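> Quick mapping for you: the protein sequence lines, in order, are chains A and B.
Under the numbering used here, the letters of the first sequence match residues 143 to 649, in that order.
Under the numbering used here, the letters of the second sequence match residues 1361 to 2363, in that order.
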Amino acid sequence: MVYKGGCFLAHLIARNCKISHGLTPIKHCRRYRETMKHKSPSSNHPLLASTRRGFFGQAGLSVGSMGLASLLADSCSADTAPRPVAKAKAVIYLFMAGGPSQLELFENKPKLTELSGQTPPESFMKDRRFAFLKGTETLLGPRQKFGRYGESGVELSALLPYHREIVDDVCFVKGMVTDVFNHGPAKLFMQTGSPQPGRPSMGSWVTYGIGSESANLPGFVVLQSGPRGPRGGSALWSSGFLPTNYQGVPFRGQGDPILNLKSPADYDRDAQREFTDTVSGLNQLRFDSVGDPEIQTRIAAYEMAYRMQMSAPDLMDLSDESDHVLKMYGVEPGKPSFANNAILARRLVERGVRFIQLYHTSWDQHGAAESLDGELPLRCKEVDQASAALVKDLKQRGLLDDVLVVWGGEFGRTPMGEERTPAGRDHHIDAYTMWLAGAGIKPGFTLGATDELGFGVTEGRVHVHDLQATILHQLGIDHRQLTFRSQGRDFRLTDVHGNVVKEILTG
Amino acid sequence: MGPVTVIHSMSVKRHILMTTLCWTAASMTGNAADDRIDFNRDVRPILSNHCFECHGPDAEQRQADLRLDQRSNAIAVHDDVAAIAPGNSSVSGMVERITSRDEDLVMPPPDSGERLSDQQVAVLRQWIDQGATYAKHWSFESISRPATPDVVPADWPKNDVDAFILARLNASGIEPSKEAERATLIRRVYLDLLGLLPSIQQVDAFTRDTQADAYERMVDDVLQSPHFGERWGRHWLDQARYADSHGYTNDNERSIWPYRDWVIEAFNRDLPFDQFTTEQLAGDLLDNPTLAQKVATGFHRNTLINSEGGTKADQFRDEQVKDRTDTTGLVWMGLTVGCAKCHSHKFDPVSQAEYYQLYAFFNSTVDRNSVTPTVQVPSATQTQQLDELSTLKASLSEQLDSDPDVEKRQKIWEKDIVVKAKSATADTDDGMSWQILPLSGKSTKDSTLSSLGDHSLLVTGTAADSEEYHSTARSPLTKIRSVRLEVLTDDSLPNKGPGRADSGNFVLSEFWFRTGDGRELRFARAGAEHSQAGYAVGKAIDGKGDTGWAINDAPEGSPNRNRIAWFVLPETLEVEEDHALTFKMQFNRKMFSIGRYRLSISSDEWVDRPGAAQLATLIAVEPDKRSAEQKAKLRKAFVQSDAELADLDRQLTETTKKFDSVKRSIPTTMILQELEKPRQAFRQIRGDFLRPGESLQPGVPGVLPGLPASDTQRDRLDLARWLLSKKHPLTARVRMNRIWMRLFGRGLVETENDFGTQGTLPSHPELLDWLAAEFMQQEWSTKAMLRLLMTSATYRQRSDTRTDLVNTDPQNRLLARQSRIRVEAEIIRDLALAVSGKLSPRIGGPGVYPPQPEGVYAFTQRKKNWKTSQDEDRFRRGMYTFFYRSAPYPMLTTFDVPKFNQVCTSRDRSNTPLQSLTLANSEALFELAEIFGQRIVEEGGASDLDRVHFAFRTGLARSPALAETARLQNYTQHVRKQFSNEEKVWTAVARVIMNLDEFVTRE
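Pasting the structure below:
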């Protein structure tokens, strides 16, 4: 029943090679398989095993009359570019939902301060689109004081005091650009490569591509904090057209991380085991009789459910964390917070979870009730300490070499202020800042720069698809080759775009 | 997740390519041997996927003026070369470009990441060599009824459907599967038609029925069940994007369930699909529409409403109209017309102007991001109750009025009151417990509101022509029923106030409040110590800005004294402690605003019972100078204290209360209503409603049959009739395809939501056309078509996977077997309810609140008021579960119910560990397992074996195999070691049954 390790990857290879139309010796495929085997010690994990089964089912199905055999044969006559070496085992994506203002956090613009209150020069405004601006807005200088920190001398505003301690560990990307300027679509674009709902999220692509090392927890976990849920909702962690066991599983930050995780009263560990075995045994009998592969998926799902039940309490129980660590993050035990989620994220990667999305909401400072002066400092206070602590903590534990941390929003904010008081800024898609750390990303490095008013990127432009390509690259995946055929077309995270941002890689 | 049966329909919309199925299909029907290229089957998918984006219908994107979707343009000579030279591929520019090795020349361009395969190139060459004939896209061709093919064995088909299916199987040399077991068949029919399980008795009766037409009779019986409307109504409600809340961040509750009831009832009486459509799209425009026909227009009122502060109604009205346009396109035509909002459709012949012509049909309704217009929909019982209560009221009033001595006794009473009033000092005691609110306030204009020590607000600054005061406080109470407004004099005010007009008067135009979580509260009734004639306090809550409460003409003389008004909510409002409340006072008379006031709230319901002092001031007025209001007030107070009349009065009060409460309980539902004068529609540049292009009249895409000639502007009724014209190529096909999808797991056209050029071709085109033609011939009867499909041999086949077909037809496109389909979320709950025996058979009505886990609203903008139902409503069918768009009932979401922010034409069918956790552990389902467990003990016989059989057959209809029995008996013995209580033992077994794959699967 259980396909032996590597088949799943063979399938992946098969698909990859099929698209790249070329010739390569069979050896190459094997080498890749070996590497990946090394990376997936838990290849006998039942869910993965079932997934593999599923894939073979699908392989037969999704390509119509073409059989598995021909696919495999195809794979071995295919030419592929050398595969990237995996630097990252896991990704922690700290998503600052709403679009934090780069101009109050990372981008000190003296010229903008100087021209504050004036109409923006026409040359800067040409062909730019904004969500809410009426056209009469004037420039607004950064509303925070900046200083230079660390050996790298990175400029940071006073709102991020704890970030000063990690500037030499992270890489700032100041030339981020995106395509869409409304929250929902822009978040989807960042996570799925498309502004419309329905495509797989990055975490789904990754777990589909290279699986997970966790036998007891889902490979792709979502944590949320902040005043409310992120706009865009569950489409942000949807598996799209990929099989649904690659969808992100939202965990709550305290208590039972998942609804219905507790067995009914009277059902202890053994009783739940016996229940699961009985259900699976009967399902197996039905499978033997009717042969529907969906039954195998259900058996695997029950096994995974049981394992999640058994392992989650240990995951959530922070009593084994030292006071020093709790203090570093600023965790108040029992209170849901970004800090709490950040420490959970570390515990999740320690347990082999592959991809963690961590949303913190309400960075949408348009002004008035959501102002740069009132609300933004609150958001910063909520995430600054724990973001820095996560990087430091991973580093201290030697995990930062294997874990890629990404920090940023779906877009940035305009150099113009909105006509509201207190001040705020509109959505800006043409230049904003994110940072990355760990797993082969150059520490203490800044890529890119923007013009003197912060309207556009002057050097080191990184498009969302480039960032996605780079994240996959660090995980050992060529973004052009991780594809899935749906309704007759091969889809990928980066659509038909994306270039790995080599400049920020250590080598 | 076994990807095998996952149908990711929602992701299909945009990016569908021809799958390899068309090649498979070609080879299966033997067409591959015939090397005649079919444009629609073989060529269009290639061109559509790889060429049309730049060389297709969208003029803005078009490159080099070349269109490959039109033959005349494609064969024309551009720059000395024709892209397509019919009959000669070797001189065709297109062939040169698609085969070029030059990066600058090759098509599609390398940066598109696309490249044609050798096979695709060969097809295009062959097609050109054969003359490059184009054909209209298949789904735009009119529907004709194909002849039924001859097949072998000729006795396998039970009706025409089977002949079409078997013809394809014959051509591929595949045998159909055997008919399923009787128990499987009856469970299949019950699940497909009702979403419920047959009882053991029903299974036995069917199994033992030896007559030849046993199956047909069973299907007919099931079709008569009133639960049929629930199951098929729910499918339709998916397309109607039905939900019980407005959506967006506030997501307040709405009342539109009478529309849901209408849908259920329409399916039950088999309302023909043409009428069904017309009433929903344009019921309000029919001659003398019935209440039901108005309710039916709720279909397009299921759009979202944004009630967030600062929302621009026009922007969201535009969203709503677009949603109605897109939904109509998808539901009736299977077309993604919405793609033509910002630019002409890239693949289908729908121009941007044509999109806004469709939009124009929906652009003239009264609603503007608003709940209104609505209608009241009383039930028969309510109508009867109202009749009875008003008769009773009349009779009680008459009795009260007919007492001959009343005047005499009242005179005596009045004297007593005057005496009593002299001893009483103040008259502010209304017998209520009030919490004074420490307010902070601001005006929308220049007035300043400052708080005084007694928590009253004093207003200074310039009074405006019209202004609003917003006064905010945290609620010290969790239940609020009444609000007290004290208007107070102050030396700083003109004439000491309490108003700001020169006389000290004011006119409070409107008074209401809002909760911090966005609920807007309006009062049901109001009372005041004193109201000026023509300015009764009720006018401050009548929703009209030009009327209001004022206090001049006081019986005591001076208007300049403190006054009290009371306001009562229709029902108790529940809020969290310290929840913010913002009270809004609107003043629309120049300068006539309030100068100083104080607000209090109470959990109690205030009732109008004036005290002695207040009565005495009324009595002081000469009887013949008393106003009608004053007279009434005195009479009321007297009657309440009169030994002979008090009881009658109490009865009258109670009857009136009952009458009002019945009246209030009459549900309303949201409806469409046409404006008297249509709104002008425009093409919107880049889909932006603020950038109108040319103005447009309602119209339909040119590729489809035209509208009949008319002198007047077309409306929604014309649109509905056009969709249902027998000449329309899409409506019947799309509807039959979706019905097919419900019964076989996927449509004959797999992309049931895209019949355009990007969609997949039908696997059995002739069958689809035959069904569409038959549907119209059967006068659009859904039940007739269901009966036809479900009595076919194709439907009755076994669903077992066939090893001989794993490679040749893994997706079961040829229908050589039935499919196993995991039932939908609501049905999973229904099945659990059914086995427990607790399922409430009640049909229709407002949403219910089954138990749900805590923490569901942790991440919603606004916490929801989920009062878990304790009575029969706890056990209602899943489809009645109250549906909040921002936080749906979690079990539903886990099993793939979308949020209904948009139309849903088919759902995903996922299979995840979260589903396992829900089935195994959720409180709502375990509670049912416990009841099922009890039932097994009570009804399942005495022995373990009998009980295992009972449990198994109750859940799965069939009898267990030996190995299955053994496994369950082992489990029983195992749990008996843990539980001494037999009910717990059988609860454990019940739980296992309810967690089996087969339990949640239609086999």
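No residue lacks a Cβ here, since even glycine has one placed at the ideal position from N, Cα and C.
All values reported here derive from a predicted model rather than from experimental measurement.
(1) Can you pull the chain B neighbours of A/I234, defined as C-beta to C-beta under 7 Å?
(2) Looking at B/L1583: is its Cβ nearer than 8 Å to the Cβ of B/L2149?
(3) Report the neighbours of B/S1472 on chain A: residues whose CB is nearer than 7 Å to its CB, in chain order.
(4) Using beta carbons (cut-off 8 Å, strictly below), is B/H1497 in contact with chain A?
(5) For B/C1382, count neighbouring C-beta atoms within 10 Å of its own C-beta (all shown protein chains included) and say buried if the count is 16 or more, exposed if not.
(6) In angstroms, rounded to a whole number, what distance separates the CA positions of B/R1614 and A/F362?
(7) Using a C-beta to C-beta distance shorter than 7 Å, which residues of chain A count as neighbours of B/E2358?
(8) Secondary structure at B/A1914, three-state DSSP: helix, strand or coil?
(9) Can you give me the Cβ contacts of A/H466 inside the same chain, cut-off strictly under 6 Å, excluding the 5 residues immediately before and after it?
(10) Does the stretch 249-265 of chain A come into contact with the stretch 583-596 of chain A, if we say contact requires no fewer than three beta-carbon pairs (one atom in each stretch) closer than 8 Å?
(11) Taking 8 Å as the threshold (C-beta atoms), are A/A579 and A/D311 in contact?
(12) Just the chain A side, please: which residues come within less than 9 Å of B/Q1480 by C-beta, in chain order?
(13) Any C-beta of chain B within less than 7 Å: which residues of the stretch 395-426 of chain A qualify?
(14) Between the C-alpha atoms of B/A2132 and B/S2141, what's the straight-line distance to the nearest angstrom?
(15) How many angstroms separate the CA atom of B/P1417 from the CA atom of B/R1547?
(16) Can you tell me the Cα-Cα spacing of B/V1521 and B/S2152, whole angstroms?
(17) Going by C-alpha distance, which of B/L2103, B/R2076, B/E2112 is nearest B/A2092?
(18) Taking the C-alpha atoms as reference points, what is the distance between A/K179 and A/E355?
(19) Rounded to whole angstroms, what's the CA-CA distance from B/S2200 to B/F2235? Just pull it up for me.
(20) Roughly how many angstroms separate the alpha carbons of A/S422 and A/E645, rounded to a whole number?
(21) Less than 8 Å separating the beta-carbons of A/Q260 and A/L281?
(22) Does any residue of chain B bring its CB to less than 8 Å from the CB of A/E463?
(23) Using the C-alpha atoms, what's the distance from B/F1659 back to A/R175?
(24) So what does A/G651 bridge to, in DSSP terms?
(25) Going by other Cβ atoms of all chains shown within 10 Å of its Cβ, with 16 needed for buried, is B/F2255 buried or exposed?
(26) Would you mind sorting B/Q2172 into buried or exposed? The rule is 16 or more other CB atoms within 10 Å of its CB.
(27) Does DSSP put A/Y291 in a helix, a strand or coil?
(28) Is A/G672 close to chain B, meaning its C-beta is less than 8 Å from at least one C-beta of that chain?
(29) Per DSSP, B/M2030 is paired with what?
(30) Go to B/R1834, then tell me how far its beta strand (DSSP E) extends in each direction, as first and last residue.
(31) Under a CB-based cut-off of 8 Å, is B/Y2331 close to chain A?
(32) So, B/P2250 versus B/Q2212, is the Cβ gap smaller than 8 Å?
(33) Report the neighbours of A/G433 on chain B: residues whose CB is nearer than 7 Å to its CB, in chain order.
(34) Ordered along the chain, which non-local residues of its own chain (more than five positions away) have a Cβ less than 7 Å from that of A/N641?
(35) Looking at the strands, I want to know which residues DSSP matches up with B/L1818.
To lay it out plainly:
(1) In chain order: nothing, as chain B lies at least about 20 Å away.
(2) With respect to B/L2149, B/L1583 sits apart: the two C-beta atoms are not nearer than 8 Å.
(3) Ordered by position in chain A, the residues that pass the 7 Å Cβ test against B/S1472 are V638.
(4) No, B/H1497 lies away from the interface with chain A (no Cβ there is under 8 Å from its Cβ).
(5) Because the pLDDT at B/C1382 is just 34, under 50, the model does not fix this residue reliably, and the point stays unresolved.
(6) Roughly 36 Å separates the two Cα atoms.
(7) R428, listed in chain order.
(8) Three-state DSSP puts B/A1914 in a strand.
(9) Result list for A/H466: empty, nothing under 6 Å.
(10) Three or more beta-carbon pairs separated by less than 8 Å link the stretch 249-265 of chain A to the stretch 583-596 of chain A, which places the two stretches in contact.
(11) Yes; because the gap between Cβ atoms is below 8 Å, this pair is in contact.
(12) One finds nothing in chain A with a Cβ atom closer than 9 Å to the Cβ of B/Q1480; even the nearest lies about 12 Å away.
(13) Hits within the stretch, in order: I400, L401, N402, L403, K404, S405, P406, D408, A413, E416, F417, T420, V421, G423, L424, N425.
(14) Those two C-alpha atoms are separated by around 11 Å.
(15) Cα-Cα distance, rounded: 49 Å.
(16) Distance between the alpha carbons of B/V1521 and B/S2152 is about 7 Å.
(17) With distances taken between Cα atoms, B/A2092 lies closest to B/E2112.
(18) Residue placement at A/K179 is poorly supported in this model, since its pLDDT is 30, which falls under 50; the coordinates still yield a value, given next. C-alpha separation (whole angstroms): 11 Å.
(19) C-alpha of B/S2200 to C-alpha of B/F2235: approximately 6 Å in a straight line.
(20) Looking at the two C-alpha atoms, the distance is approximately 51 Å.
(21) Less than 8 Å separates the beta-carbon of A/Q260 from that of A/L281.
(22) Chain B contact via Cβ: absent.
(23) Because A/R175 carries a pLDDT of 28, less than 50, the predicted location of this residue cannot be relied on, and no value is offered for it.
(24) Because chain A here runs from 143 to 649, residue 651 of chain A falls outside it and cannot be looked at.
(25) Within 10 angstroms of the beta-carbon of B/F2255 lie 16 or more other beta-carbons, which makes it buried.
(26) It should be pointed out that residue 2172 of chain B corresponds to Asn in this sequence rather than to Gln. Its Cβ being crowded by 16 or more others within 10 Å, B/N2172 is buried.
(27) Strand.
(28) Beyond the ends of chain A as shown, which are 143 and 649, falls residue 672 of chain A; an answer cannot be given.
(29) DSSP, once it has assigned bridges, lists B/T1734 as partnering B/M2030.
(30) Per DSSP, B/R1834 belongs to the beta strand (DSSP E) from 1827-1834.
(31) Judged by the 8 Å Cβ criterion, B/Y2331 is in contact with chain A.
(32) It is a contact, given that the beta carbons lie within the stated cut-off.
(33) Result: D2160, T2161.
(34) Taken in chain order, the residues that qualify are D608, A611.
(35) Its beta-bridge partners are B/S1810, B/R1956.
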